[in-house]
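>
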Amino acid sequence: MKISEDRRKMLKIVTMYYEQGMTQAVISKKMGVSRPVISKILQQAKESGIISISIKDESAYAVELGLRLEKKYQLDDVIVIPTNEQKQLETVKKEVSRAASFYFKERLKPGMNVGLSWGTTLADMIDEMPYQSFPTINVCPLVGGVSSEHLYFDTNHLVFRLAEKLNSRCQYFYAPALAESIELADVLNKSQLVGKAMEQAKNVDFAIIGVGNPNESSTWKRLGYIETNELRIIKETGVKGDAVASLFDKNGQTVNNEISKRMLGIKVEDLGSISEVMVIGCGEEKVESIKPLLLGKCCTILVVDQLIAEALV
């Protein structure tokens with residue numbers, strides 16, 4: 006079979022670059038042509054099908070999903086944790102939490118203000134954080150606290166634990182996450198303590214939030230904050246999930262029902278003015294709740310498992 010001189014040259018350049026590991030600068034000198042010409046020939050080889058690049062790693066599919074989500078929802082970064090039939094949900098959740106902690110650790114800078122919501126996912130993430138020293142970092146809650154019976158994922162306790170891990174400063178939110186009535190919520194919102202906590206929460210540089218969904222297994226229900234009849238109201242008013250101090254709809258906007266008005270903390274609408282907002286989620290049932298936050302531009306960084314990612318692309 007006769008090979009044209011141009012094709013022979015292309016094959017030689019491709020072989021030197023991809024199989025022999027030569028740089029474009031070395032190939033340019035060897036072939037007696039400029040570096041831009043070498044780059045152009047390599048691109049032509051890709052387009053003509055001479056080169057077929059495949060990444061042989063089980064995580065490659067997860068990385069591809071992440072890139073597609075970044076493009077679709079205009080996100081800064083997406084981390085997708087691979088799943089398979091052999092992996093238990095608890096194992097996947099731990100891997101998601103570990104990935105979130107590693108990402109956050111790499112983003113830490115002296116003097117930054119960090120805000121936390123609450124929940125088991127955030128608690129697990131903090132468990133995975135190593136001890137470091139950032140005395141000028143400040144950690145604060147984005148929402149009010151939950152009962153002392155559930156300290157493990159209470160926002161004030163999480164703030165204390167993260168500050169302990171970072172050897173940093175912290176502030177607390179001296180009010181409940183859910184007031185007993187709208188009237189009490191109004192009084193608390195007018196207080197100096199809550200006003201100060203809200204001001205701090207709205208001005209963080211990096212927010213880390215978990216996402217809840219309105220079903221029987223939701224954390225609100227398990228904590229006893231919401232009764233079965235209230236859960237029905239949540240579903241009937243078009244609520245798709247909860248994050249920070251908001252019950253939100255399919256577009257990521259706060260639903261101002263009776264329960265939402267009793268919640269103390271920043272709303273999902275406030276997340277849009279925070280530079281970096283990392284949303285962490287695990288479990289296929291979270292898809293319905295995470296998607297509205299992406300549509301509502303309430304998130305810049307997403308850390309999820311593969312099942313969620315596949316449903317979102």
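Using our numbering, read the sequence shown as starting at 6 and increasing by one per residue.
Glycine included, C-beta positions come from ideal geometry on N, C-alpha and C.
1) Would you call Arg267 buried or exposed, if buried means 16 or more other Cβ atoms sit within 10 Å of its Cβ?
2) I think Met283 touches Ile313, with their Cβ atoms under 8 Å apart; what is that distance to the nearest whole Å?
3) Looking at Val309: is its Cβ nearer than 8 Å to the Cβ of Val85?
4) Can you check the stretch 21 to 73 for any alpha helix (DSSP H) of at least 4 residues that lies completely inside it and give the ranges in chain order?
5) Tell me the DSSP secondary structure of Ile231 in three-state form.
6) So the candidates are Cys303, Tyr23, Lys245 and Glu235; which of them puts its Cα closest to the Cα of Glu290?
7) Which value, in whole angstroms, describes the spacing of the CA atoms of Ile187 and Tyr66?
8) For Thr125, which residues in the same chain have their Cβ closer than 6 Å to its Cβ, ignoring the five residues on either side in sequence?
9) What residue ranges within the stretch 181 to 266 form continuous beta strand (DSSP E) runs of no fewer than 3 residues, ordered along the chain?
10) Counting pairs of Cβ atoms below 8 Å between the stretch 207 to 216 and the stretch 258 to 267, do you hit three or more?
11) Tell me the residue span of the beta strand (DSSP E) that contains Ile84.
12) In its own chain, which residues sit with a C-beta less than 6 Å from the C-beta of Leu198, not counting the 5 before and 5 after it?
13) For Lys88, does the count of other Cβ atoms within 10 angstroms reach 16, so buried, or fall short, so exposed?
14) Would Asn194 and Leu276 be called neighbours here (beta carbons separated by less than 8 Å)?
15) Suppose you measure from the CA of Leu167 to the CA of Leu298; what does that come to, to the nearest Å?
16) So what's Leu163 in DSSP terms, helix, strand or just coil?
17) Taking all protein chains shown into account, decide if Thr160 is buried (16 or more other Cβ within 10 angstroms of its Cβ) or exposed.
18) Taking only runs that begin and end inside the stretch 287 to 312, name each unbroken beta strand (DSSP E) of 3 or more residues, in chain order.
19) Specify the secondary structure class of Glu281 as computed by DSSP and reduced to three states.
20) Which of the three DSSP states, helix, strand or coil, is assigned to Met268?
21) Taking the beta carbon of Asp129 as the centre, do at least 16 other beta carbons fall within 10 Å, making it buried, or is it exposed?
22) Classify Gly120 as buried or exposed, calling it buried when 16 or more other Cβ atoms lie within 10 Å of its own Cβ.
23) Could you check the C-alpha separation between Ser196 and Leu70 for me, to the nearest Å?
The structure says:
1) Counting from one through the sequence shown, the residue named residue 267 turns up at place 262. Arg267 comes out buried.
2) Working through the sequence shown from its first residue, we reach residue 283 at position 278. Working through the sequence shown from its first residue, we reach residue 313 at position 308. Going by Cβ atoms, the distance from Met283 to Ile313 rounds to 15 Å, so no, they are not a contact pair.
3) Here residue 309 is taken as the residue at index 304 of the sequence shown, counted from 1. Here residue 85 is taken as the residue at index 80 of the sequence shown, counted from 1. A contact, by the Cβ cut-off of 8 Å.
4) Here the runs fully enclosed are 29 to 36 and 40 to 52.
5) Taking the sequence shown and counting its residues from 1, one reaches residue 231 at position 226. Ile231 falls in the coil class under three-state DSSP.
6) In the sequence shown, counting from the first residue as 1, residue 290 sits at position 285. Of the listed residues, the one whose Cα sits closest to Glu290 is Lys245.
7) Numbered from its first residue, the sequence shown carries residue 187 at position 182. Numbered from its first residue, the sequence shown carries residue 66 at position 61. Roughly 47 Å separates the two Cα atoms.
8) Taking the first residue of the sequence shown as position 1, residue 125 is located at position 120. The answer, listed in chain order, is Phe158.
9) 211 to 215, 246 to 248 and 251 to 253
10) no
11) Taking the sequence shown and counting its residues from 1, the one referred to as residue 84 is at position 79. Asp82 to Ile86 is the extent of the beta strand (DSSP E) around Ile84.
12) In the sequence shown, counting from the first residue as 1, residue 198 sits at position 193. These residues qualify, in order along the chain: Tyr179.
13) For the purposes of this step, residue 88 is identified with residue 83 of the sequence shown, where counting begins at 1. It is worth fixing the name first, because residue 88 is Thr in this sequence and not Lys. Buried: at least 16 other Cβ atoms inside 10 Å.
14) As a working mapping, residue 194 is identified with position 189 in the sequence shown. As a working mapping, residue 276 is identified with position 271 in the sequence shown. Not closer than 8 Å, so no.
15) Your numbering for residue 167 matches position 162 in the sequence shown. Your numbering for residue 298 matches position 293 in the sequence shown. Each residue's Cα considered, the two are about 25 Å apart.
16) To locate residue 163, count along the sequence shown from 1; it is residue 158. Leu163 falls in the helix class under three-state DSSP.
17) As a first step, residue 160 must be located in the sequence shown, where it is residue number 155. By the neighbour-count definition (other C-beta atoms within 10 Å, threshold 16), Thr160 is a buried residue.
18) Secondary structure within the stretch 287 to 312: the beta strand (DSSP E) runs of 3 or more consecutive residues, fully enclosed, are 306 to 310 (chain order).
19) Taking the first residue of the sequence shown as 1, we reach residue 281 at position 276. DSSP places Glu281 in strand when its eight states are reduced to three.
20) Stepping through the sequence shown from its first residue, residue 268 is reached at position 263. Judged by DSSP in its simplified three-state form, Met268 adopts strand.
21) Along the sequence shown, read from residue 1 onward, the residue named residue 129 stands at position 124. Classification of Asp129: buried, given that the 10 Å Cβ count is 16 or more.
22) For the purposes of this step, residue 120 is identified with residue 115 of the sequence shown, where counting begins at 1. When all chains shown are included, Gly120 counts as buried.
23) Here the question's residue 196 lines up with position 191 in the sequence shown. Here the question's residue 70 lines up with position 65 in the sequence shown. Using only the alpha carbons, I get a separation of about 45 Å.
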